[in-house]
Structures are given as structure tokens and as C-alpha cells.
Amino acid sequence: MIEMPPSIQTRVTKLFGIKYPIIQAGMVWTSGANLAIASANAGILGLVGAGSMTPELLRDQIRKTRERAQGAWGVNLPVFNRLADEFVKIILAEKVPVVFTSGGSPKKYTGVFKKAGAKVAHVTPNPSLAKKCEEAGVDAVVVEGFEAGGHDGRDELTTMVLVPQARDLVKIPLIAAGGIADGRQMAAAFALGAEGVQVGSRLAASAEASCHENFKQAIVQAGETDTFLTLKKIMPVRILKNPFYKKVEEAEARCAGQEEISQLLGRGRSKLGMFEGDVVEGELEIGQVAGMIREVLPVAEIVRRMVLEFQGTMQQLKNGV
Numbered sequence: 004m005i006e007m008p009p010s011i012q013t014r015v016t017k018l019f020g021i022k023y024p025i026i027q028a029g030m031v032w033t034s035g036a037n038l039a040i041a042s043a044n045a046g047i048l049g050l051v052g053a054g055s056m057t058p059e060l061l062r063d064q065i066r067k068t069r070e071r072a073q074g075a076w077g078v079n080l081p082v083f084n085r086l087a088d089e090f091v092k093i094i095l096a097e098k099v100p101v102v103f104t105s106g107g108s109p110k111k112y113t114g115v116f117k118k119a120g121a122k123v124a125h126v127t128p129n130p131s132l133a134k135k136c137e138e139a140g141v142d143a144v145v146v147e148g149f150e151a152g153g154h155d156g157r158d159e160l161t162t163m164v165l166v167p168q169a170r171d172l173v174k175i176p177l178i179a180a181g182g183i184a185d186g187r188q189m190a191a192a193f194a195l196g197a198e199g200v201q202v203g204s205r206l207a208a209s210a211e212a213s214c215h216e217n218f219k220q221a222i223v224q225a226g227e228t229d230t231f232l233t234l235k236k237i238m239p240v241r242i243l244k245n246p247f248y249k250k251v252e253e254a255e256a257r258c259a260g261q262e263e264i265s266q267l268l269g270r271g272r273s274k275l276g277m278f279e280g281d282v283v284e285g286e287l288e289i290g291q292v293a294g295m296i297r298e299v300l301p302v303a304e305i306v307r308r309m310v311l312e313f314q315g316t317m318q319q320l321k322n323g324v
């Protein structure tokens, strides 16, 4: 059994009832019940990612998580998802304790979840929108720089400039996301004003993540420049450079229209790559920190290393080393 470090107390840990101020991101094809359970049991907030699920599967994954999670857990809900209203009904019926929303207005569902007694956070790529999240009544806000994998903001704000601006605008607990895979980056986020971090890519390359082993190996083999923000004419997404990416790059270079690029993308491209393991023709959504990730590890070990490095870095800064 892995021996875990001492707890860290911030407003984020108190809000969600967790040992460490780390949120496991609700990633498509990756954040199933096993990842949420492992995260909760490691002392961080585990999230079931609804974005790539059917309503029936979401209900099943929520129930599995509730049965086996010994710590705090919740659901990540992309507001723009065509099944969002059905997901909301399930989240309410299953009395999910924490909901992270993203990809749309925080006003749409925050009141409904709060009325049901859930803690609510919203993910945004913009400081001004972080303020709107606060005004919408969320309990915490996640500000995500465009270093992150998956769908990013069109403004392409980096985490380093996004977090301090958001901190100056909001009074509620602030969580940094995008480009955070180790304790040094976590410490940097805290120096900028964050009280917690959301981690995606590092936990995608974990033993418990539901994505395909081929995708996990593609992450650990990635170099420092092997991701790119693309598909901006549809919805910006950061993916690994592979043969599918090359087709998109060629189409965008000759100024292909939205319709042609949509046809090239087709349906199920991310499932093909991330869940089914086709790393040639699939869309492989991952962040820039993929270049730092060198092995697939259990969630508990990832958390242990991150927390120890964070605590060590903070002590070094305190000592002026």
C-alpha cells in the first residue's frame, strides 16, 4: 500500500472534503468510474466524465463510483453536449454531490444543482468569464489555459496569464488547469493565486484511466512539441500530432471550409483514437505536458509524487533556495 503525504488545507479542500487540492479532470473516453474511484481514494476529487457517455452508462458509472469511492467524487458535465438535459436528470436523481460544468454558460444548470444540494464548479478559459461564473453562483471556478488537452478557448490564453487575472476578479475558490502535471507546476499555480489545480493529461496516463493502452503509450512517447491546437473553424482542440492530424493540417493550410473539415473529422474520431486505440486515424486529445510524462502509473502514485514535489518546492521557496 502506498504511503501518502500529509494533507494540504485550502478553501478547495474544505469545499469538496478532499485531502489534497487536486481535481481529476473529467476527460472524454478517459474518466470512467475506475479513474474517479482511484482519484477519490487517493485523496483528491474524482470526476466521472459524462461527455463521451450515454445516459445509461453515466448512471451505471455514477453508481459504481458511489459504491467503491472512499473519498469525494462527482461528475463533469459539458453543457454543450446534446444529451446534457438527460444527464442533468440522472445527476439529480442519483444525488451526485459535486458537479463540474464546462463548455457553455454556467447559468444554465448551476441553480438547479445548487437547489439539489450539490457543490458546483465551472470551467472557463477567460478571466472575465470567471467573474460571470461567480455571479452565476458557482462555489468555485476553474480557469483553464490553452496548454490543456481537448477543447480549449479561442482566446488562447496561457495558464500563467489567466490565473492571476482571474484571481484579481473573483473572491470564490480558484482552481488552475492547463499544463499542470507535477508538483512544481502546482506550486507555480499557487504562486499565481490558485487554491487548487485540475489535472488531466498526467492522469490520462494512469493505470486506472479508461482510455486505450495505445493512447497511453502515445502520451508517454510524445515529445515536447508533439501537440497542436487545431480544428479552430469548428471548436479548438489540442491533439497529438499523428497521421489524422496531418490530414487536418493539410486541409487547414489550403483554407478548407468548415463543412470540409467537419466531414474530415466525421463522427467518433476521438473514440476511435482514445478509447479504441487507433493512434493513426484517431483524434488523440492531450495537453502540452504530454512531453513531460514518461510512464503510466497508478493514480495513487501520481498523486503521492505530485504532493511531495509540491510540498518540497514550497519549502524551497520559503527558504529562498
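Residue numbers (our numbering): 4 to 324. In this text, a Cβ means the ideal position worked out from N, Cα and C, and glycines have one as well.
Beta carbon of residue i nearer than 8 Å to that of residue j
i: T233; j: V240; result: yes
i: A208; j: V299; result: yes
i: L287; j: M277; result: yes
i: E292; j: R205; result: What sits at residue 292 in the sequence shown is Val, not Glu. It is a contact, given that the beta carbons lie within the stated cut-off.
i: P128; j: E147; result: yes
i: I26; j: L61; result: no
i: I38; j: V101; result: It is Leu, not Ile, that sits at residue 38 in the sequence shown. It is not a contact, given that the beta carbons lie outside the stated cut-off.
i: G140; j: F103; result: no
i: T57; j: A36; result: no
Contact set for residue i: own chain, Cβ-Cβ below 7 Å, skip 5 residues either direction
i: E263; result: A254
i: N245; result: V282, V283, L287
i: V223; result: A208, I296, R297, E298, V299
i: V15; result: P24, A143, P176, I178, E198, G199
Of the residues the options, the one placed nearest residue i, counting alpha carbons only
i: M4; options: V223, V302, L287; result: V302
i: D185; options: V102, L177, V202; result: V202
i: K326; options: M30, R272, T13, G29; result: Residue 326 lies beyond the stretch modelled for the chain, which goes from 4 to 324, so this question has no answer here.
i: L86; options: T113, R71, S55, G74; result: S55
i: E59; options: A210, V91, P109, A259; result: V91
i: S213; options: A28, G114, S34, I11; result: S34
i: A75; options: D63, D88, I65, N44; result: N44
i: I40; options: K219, A121, E70, R157; result: E70
Per DSSP, the bridge partner or partners of residue i
i: T233; result: V240
i: S209; result: L300
i: H154; result: V240
i: G77; result: L50
i: Q291; result: Beta-bridge pairing links Q291 to no other residue.
Cut-off 6 Å between Cβ atoms - residues of its own chain near residue i, not counting five sequence neighbours on either side
i: S105; result: P81, V126
i: L95; result: A119
i: E159; result: F149
Residue i in three-state terms, based on DSSP
i: A184; result: coil
i: S34; result: coil
i: K122; result: strand
i: S273; result: helix
i: S105; result: strand
i: I11; result: coil
i: Q27; result: strand
i: I5; result: coil
i: A143; result: strand
i: A190; result: helix
i: T16; result: helix
i: G315; result: helix
Own chain, CB closer than 8 Å to residue i, minus 5 neighbours either side, in chain order
i: K174; result: E137
i: E304; result: I5
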